[in-house]
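In order, the protein sequences belong to chains X and V. Quick note: the first sequence uses the numbering used here, first residue 61, plus one each step. Quick note: the second sequence uses the numbering used here, first residue 61, plus one each step. Below is one structure; the comments refer to it alone.
Protein chains: 2
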Amino acid sequence: MAYTSTDYKEDEIQMARFAKALSHPARIAIVKLLASMDTCFCGEIVEELPIAQATVSQHLKELKESGLIQGCIEPPKIRYCIEPENWKKAQQLFSNFWQQSYLSQIEK
Amino acid sequence: MAYTSTDYKEDEIQMARFAKALSHPARIAIVKLLASMDTCFCGEIVEELPIAQATVSQHLKELKESGLIQGCIEPPKIRYCIEPENWKKAQQLFSNFWQQSYLSQIEK
DNA sequence: CAAACTTATCGTATATTTGCGATAAACAAT
DNA sequence: ATTGTTTATCGCAAATATACGATAAGTTTG
């Protein structure tokens, strides 16, 4: 990334990171799968999606780097699940973001 | 975009579109500005951000294309504001998304 | 009409993303 | 030890995104 906290607020950068992680349908689908199944293996995800294993692995890597999910090794597989701390943080950032609108004031 | 609704659910594609629109700090900052000020002119946005006018215009275009904001011509300026319908739609998509997690069940 | 003002678009350079096949790495089972 | 299973990484091609200066397009004002 080219920008720094000198350019933008730390919260804005963090929220943009989460948003970027969710900016592809495959990653949305992956996270929804994890959120609904509690946990699952990479292989199960590959079966659900219309893309190759290598590509799924790449999307998983990005989601891990965003902090939204984590993977624990359970030889010979890897079990993926939501990362609770960052999940909550993201939830809050987005919740505040949407409600910040003057529209939200009108609705209430 | 290369993918279709054959590959992913329409909601996932739509949510990814909104997320993509918010995947850059500059665009987050712009939308926050619009949400807080109710409406404002392009020029005011340019003054707030650490990027050139041409770049701001490009970000505004992307936000418009995502449907999150709209611009009405008020010669010689252009007044930008949140697009209420899509804002609400995005708000709902994200709200459902975050709450879908098993974590949300635990919290309640 | 000319000059000033506001915003969009063009052209271009660079960086990042997406997708895949091929292959490696790590471990289990035989 | 060899084989099979599972996931990550490499290397590559194509597409998209980011940023900016220069310039155009539209409108107002002098």
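The beta carbon of each residue, even a glycine, is placed where N, CA and C say it ideally should be. Just so you know, these numbers come straight off a predicted model, no measurement behind them.
Under 6 angstroms Cβ to Cβ from residue i, same chain only, skipping five residues before and after it: list those, please.
i, result
"G103(V)", "none"
Taking the alpha-carbon positions, what's the residue i to residue j distance?
i, j, result
"A86(X)", "K149(X)", "22 angstroms"
"S117(X)", "I133(V)", "46 angstroms"
"F101(V)", "K121(V)", "14 angstroms"
"L123(V)", "A114(V)", "14 angstroms"
"Y68(V)", "M97(X)", "18 angstroms"
"L128(X)", "P144(X)", "8 angstroms"
"V91(V)", "R139(V)", "13 angstroms"
"T64(V)", "S65(X)", "36 angstroms"
"E70(X)", "K137(X)", "36 angstroms"
If we call anything under 8 angstroms between Cβ atoms a contact, is residue i one with residue j?
i, j, result
"L93(X)", "I111(X)", "no"
"V130(X)", "W158(V)", "The sequence shown places Gln at residue 130(X), rather than the Val named in the question. Not a contact, by the Cβ cut-off of 8 angstroms."
"I142(X)", "S161(V)", "yes"
"M61(X)", "L153(X)", "no"
In its own chain, which residues sit with a C-beta less than 8 angstroms from the C-beta of residue i, not counting the 5 before and 5 after it?
i, result
"S126(V)", "R77, F78, K80, A81 and N146"
"E108(X)", "A89 and L93"
"H84(V)", "H119"
Span of the beta strand (DSSP E) holding residue i?
i, result
"G131(V)", "I129 to E134"
With 16 other CB atoms within 10 Å as the buried threshold, where does residue i fall?
i, result
"A95(V)", "buried"
"E72(V)", "buried"
Which residue comes first and which comes last in the alpha helix (DSSP H) that contains residue i?
i, result
"I142(X)", "No alpha helix (DSSP H) contains I142(X), which is instead part of the beta strand (DSSP E) from K137 to I142."
"T115(V)", "Q113 to S126"
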